[in-house]
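Converting from the sequence shown to the working numbering requires adding 888 to each position, the first position being numbered 1.
These notes are about the structure you will find just below.
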Amino acid sequence: MAKEDPIEVQGTVVEPLPNAMFRVELENGHKVLAHVSGKMRMNFIRILPGDKVTVELSPYDLS
Numbered sequence: 889m890a891k892e893d894p895i896e897v898q899g900t901v902v903e904p905l906p907n908a909m910f911r912v913e914l915e916n917g918h919k920v921l922a923h924v925s926g927k928m929r930m931n932f933i934r935i936l937p938g939d940k941v942t943v944e945l946s947p948y949d950l951s
């Protein structure tokens, strides 16, 4: 069975949370919990509230 491609959605960081987690508000108004990808964590890129981000969502969990 082939793995399905993730869904990419634009959003805005609402608040930073502990352990490199963030609350992100998507363009459609939904709020999701997101984490930083490996390369951004390795390069110590800072994400602040108000930053525009691209979020990858699993097609299996659209809650």
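We put the beta carbon where it would ideally sit given N, CA and C, even for glycine.
Can you tell me where the alpha helix (DSSP H) with Arg934 in it begins and where it stops? Within the sequence shown, residue 934 is the residue found at index 46, counting from 1. Secondary structure note for Arg934: it is in no alpha helix (DSSP H), with a DSSP letter that is neither H nor E.
Cα separation between Val897 and Asn931? The residue given as residue 897 occupies position 9 in the sequence shown. The residue given as residue 931 occupies position 43 in the sequence shown. In this structure, the CA atom of Val897 is about 23 Å from the CA atom of Asn931.
Please classify Lys927: does DSSP put it in a helix, a strand, or coil? On the sequence shown, residue 927 is found 39 positions in, with the first residue counted as 1. Here Lys927 sits in helix by DSSP.
So for Leu905, helix, strand or coil by DSSP? Stepping through the sequence shown from its first residue, residue 905 is reached at position 17. In the displayed model, Leu905 falls within a strand according to three-state DSSP.
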